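Read top to bottom, the protein sequences are chains H and P.
Mapping of the first sequence onto the working numbering: residues 1 to 219, in sequence order.
Mapping of the second sequence onto the working numbering: residues 1 to 87, in sequence order.
Virtual Cβ for every residue (Gly too), placed ideally from N, Cα, C.
Because the structure is a prediction, the values reported are computed rather than measured.
A short write-up of the structure that comes next.
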Amino acid sequence: MSVITIERKVLEKNDAIAGRNRERLGQHRVFALNLLSSPGAGKTSLLERTLDELGGKLRVAVIEGDVQTDLDARRIARHGAPVVQIVTHGACHLEAQLVADALDQFDLAAVDCLVIENVGNLVCPAAFDLGEAFKVVVSSTAEGDDKPLKYPAMFQRAAALLINKMDLLPYVDFDVAAVRRNALTINPALEVFETSCRTGEGIPAWCGWIQDRVARLRG
Amino acid sequence: MHELGLAEGILDIVREHVPAGRESEVTSIEVRVGTFAGVDPESLAFCFAAITADTPLRAARLAIERRAGRELQVVAVELGEAAGGVA
């Protein structure tokens, strides 16, 4: 019997490409976010609200990741932001190479902030670095308050949590305090925002966080 | 359900390290999977068995070691007697 020592990361190829994406975004001082949630938590609606709120303040570009269709990219384009749609044809997450290809289609010198809307899925996208500065996870009041406990990997890696659909709170059994507590137990550094795309609640605070981060990056 | 892609990643790495012609001697592949790696170990082992079923690596099994953290690493391969007694 003999043993060959290997000690290599399974995702080393993806990580290397993500590193190059990060370098490229850094050269243009583009602040990049990887937006993650289960399907239907409201990622695209939040993005639409975010684009409207940041209009005239920041130049925001968007990469849309979906299993099928360019419906989301069309929604984003209506708000005047440069957008590239990635269709994964069944794959459950975005990989760094797909983002690298999408970056070719932007004028990065004219972008302050890039938001990558990942495929709706709380499991697989957590493992794939795309080259973003931060991951942001969206969890809605309609989904139930046990998400941080059920999907700890996602919450552990995120810098911010948006508790979305706050306007539905009177109609659902959702314990905001429990979600905050559970999420912060997994990741004490998490910034938590309570948002509603219907009422606009929390959108200025969330956009303020983005502006603050962009200002830090761009000095 | 990205374990299939990860199993293919493991297979690629193993093939790069095992000398040509000795793949059938591989009995075990030690893989470290962090609890926050976002990977289901059973699904990973199943996918690996499925993609190696018709290859010289069909006897190789994943020995999955759970760790704290986000780690997902191929640590080592163990070679024993080749299936069918070929040295």
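Would you decide whether residue i is buried or exposed? Buried here means 16 or more other CB atoms lie within 10 Å of its CB.
i: Thr55(P); result: exposed
i: Ala158(H); result: buried
i: Glu117(H); result: buried
i: Pro148(H); result: buried
i: Lys135(H); result: buried
i: Glu64(H); result: buried
i: Pro188(H); result: exposed
i: Ala20(P); result: exposed
i: His89(H); result: exposed
i: Gln73(P); result: buried
i: Lys150(H); result: exposed
i: Lys43(H); result: buried
i: Met154(H); result: buried
Helix, strand or coil for residue i? Go by DSSP, reduced to three states.
i: Lys57(H); result: coil
i: Lys165(H); result: coil
i: Ala159(H); result: strand
i: Trp206(H); result: helix
i: Ser45(H); result: helix
i: Ala73(H); result: helix
i: Ala32(H); result: strand
i: Arg8(H); result: strand
i: Cys92(H); result: coil
i: Gly19(H); result: helix
i: Leu114(H); result: strand
i: Ala76(P); result: strand
Please list, in chain order, all residues of the same chain as residue i whose beta carbon is under 7 Å from its beta carbon, the five residues on each side excluded.
i: Asp129(H); result: Asn14, Asp15, Ala18, Ala96
i: Arg22(H); result: Gly131
i: Arg58(P); result: Thr52
i: Val119(H); result: Gly65, Asp66, Val67, Thr88, Cys92, His93, Leu94, Pro125
i: Ala127(H); result: Leu11
i: Val99(H); result: Asn21, Ile63, Ile116, Leu130, Gly131
i: Ala102(H); result: Ile63, Val84, Ile86
i: Ala142(H); result: Lys165, Leu168, Val172
i: Arg75(H); result: Thr44, Glu48
With a threshold of 6 Å on Cβ separation, who are the neighbours of residue i within its own chain once the five nearest residues in sequence on each side are excluded?
i: Ala133(H); result: Phe31, Ala32
i: Leu54(H); result: Val60, Cys207
i: Arg70(P); result: Gly34, Phe36, Ala37
i: Ala45(P); result: Leu62
i: Pro41(P); result: Val33, Ile64
i: Phe111(H); result: Per the sequence shown, residue 111(H) should be read as Val rather than Phe. Same-chain partners within the cutoff: Val30, Arg59, Ala61.
i: Gly80(P); result: Thr27
Please go through the same chain and pick out, in chain order, the residues whose beta-carbon is closer than 8 Å to the beta-carbon of residue i, but skip the five residues on each side of it.
i: Ile13(P); result: Val74
i: Gln211(H); result: Leu54, Lys57, Leu58
Taking a cut of 7 Å between CB atoms, which residues from the region 1-12 of chain P lie near chain H? Met1, His2, Leu6, Gly9, Ile10
Cβ-based contacts, 7 Å cut-off: residues of the region 57-83 of chain P near chain H: From the region 57-83 of chain P, only Leu72, Gln73, Val74, Val75, Ala76, Val77, Glu78, Leu79, Gly80 have a Cβ closer than 7 Å to chain H.
If you measure beta-carbon to beta-carbon, which residues of the region 132-153 of chain H are closer than 7 Å to chain P? Pro152, Ala153
Please identify, using Cβ separations under 7 Å, the residues of the region 11-36 of chain P that lie next to chain H, in order along the chain. Ile13, His17, Val18, Phe36
By the 7 Å beta-carbon criterion, what residues does the region 41-63 of chain H contribute toward chain P? Going along the region 41-63 of chain H in chain order, one finds no residue with a Cβ nearer than 7 Å to chain P.
When you check each C-beta in the region 85-105 of chain H against every C-beta of chain P, which residues fall closer than 9 Å? Ala91, Cys92, His93, Glu95
Considering only residues of the region 11-68 of chain P, which uninterrupted beta strand (DSSP E) runs meet the minimum length of 3 residues and lie entirely inside it, listed in chain order? 26-34, 61-67
If you measure beta-carbon to beta-carbon, which residues of the region 115-134 of chain H are closer than 7 Å to chain P? Val123, Cys124, Ala126, Ala127
Residues in the region 180-212 of chain H with C-beta within 8 Å of chain P's C-beta atoms, listed in sequence order? none
Give the residues from the region 7-29 of chain H that approach chain P closer than 7 Å (Cβ to any Cβ), ordered along the chain. Glu7, Arg8, Lys9, Val10, Leu11
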